[in-house]
Each structure stands twice: as C-alpha cells, then as structure tokens.
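Numbering-wise (my numbering), the sequence shown opens with residue 45 and increments by one.
The block underneath contains the structure these notes are about, expressed in structure tokens.
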Amino acid sequence: MNLRNGSAEEGAGFNHVLDRHFNPSKNASQFSITPDELKGVLQSKEVVSTPVSRVLYSDLKLADGTSEKQARYVREVTLDSDIGIDKFSGSPTNIMTVLTDKHGNLVTATPGVIK
C-alpha cells in the first residue's frame with residue numbers, strides 16, 4: 045500500500061488521516077496509536093494482504109470544477125489489539141477500515157467500520 049501524503053484539503057492520504065483521525069475536535073473515529081505505529085500497521089503484511097470487501101464510490105472534484113465518480117476499495121482488518129475509538133459505538137476497537145484508490149494509494153484509514 046502506498047502511503048501517499050495527500051492533504052486534509054483534498055480529503056485523501058496520510059495527512060488527511062492525521063487531520064481527521066488524530067484530532068479529537070473532529071466528529072470522527074480517533075486512533076489511539078501513534079502516527080508512526082499506524083504507518084507500520086498500514087504497511088504490515090496483515091493489512092496489505094487483506095482482500096477488498098466492497099467498493100464505495102465518491103465524487104472527486106476535478107481541476108476544471110467538474111466532478112467524477114471514483115472507486116474507493118474498502119478493506120476491513122481485524123487486528124490483535126485496540127487501535128482507536130469507534131465513533132459509532134464510542135468504544136475501543138481492534139477493527140480498522142482502510143480505503144485505497146485503484147492504484148493502491150491510501151485514501152483514508154479509520155478505527156471501526158465505515159457505515
């Protein structure tokens with residue numbers, strides 16, 4: 045998996061994960077592990093070898109102001125220990141959802157399951 049940096053503004057990449065899921069002021073699931081630990085988990089064999097469980101489509105804004113639907117490939121990984129707090133249950137979770145694009149680039153990762 046390519047941990048491209050991306051940005052919070054574009055809503056994709058590792059910087060987006062840092063901005064949204066390591067920031068308790070955001071209304072989102074929060075990681076309880078460090079960013080460096082998350083990088084290690086995301087690049088682990090366990091995560092990389094997890095098969096895609098479903099595909100979500102989201103609108104991506106293009107430079108010309110139009111938008112197009114892009115596929116986001118979902119992997120739901122059950123880990124050996126808790127990695128964060130699930131927004132929906134409010135409880136610690138050992139499940140992580142990872143979304144990538146068609147090239148395997150990180151779009152986002154979050155504790156818990158994306159509804």
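Glycine residues also receive a C-beta, built at the ideal position from the N, C-alpha and C atoms.
Please read all numbers here as calculations on a predicted model, not as lab measurements.
Query: Which stretch, first to last residue, makes up the beta strand (DSSP E) that contains Lys-105?; Result: 98-105
Query: For Val-118, which three-state DSSP category applies?; Result: strand
Query: Evaluate the contact criterion for the stretch 95-111 versus the stretch 66-85: three or more CB pairs, one atom per stretch, below 8 Å.; Result: no
Query: Which same chain residues, not among the five before or five after Lys-159, have their C-beta less than 8 Å away from its C-beta?; Result: Phe-132
Query: Taking the beta strand (DSSP E) that Val-85 belongs to, which residues open and close that run?; Result: It is not in any beta strand (DSSP E) - Val-85 instead sits in the alpha helix (DSSP H) that spans 79-86.
Query: Between which two residues does the beta strand (DSSP E) containing Val-142 stretch?; Result: 139-144
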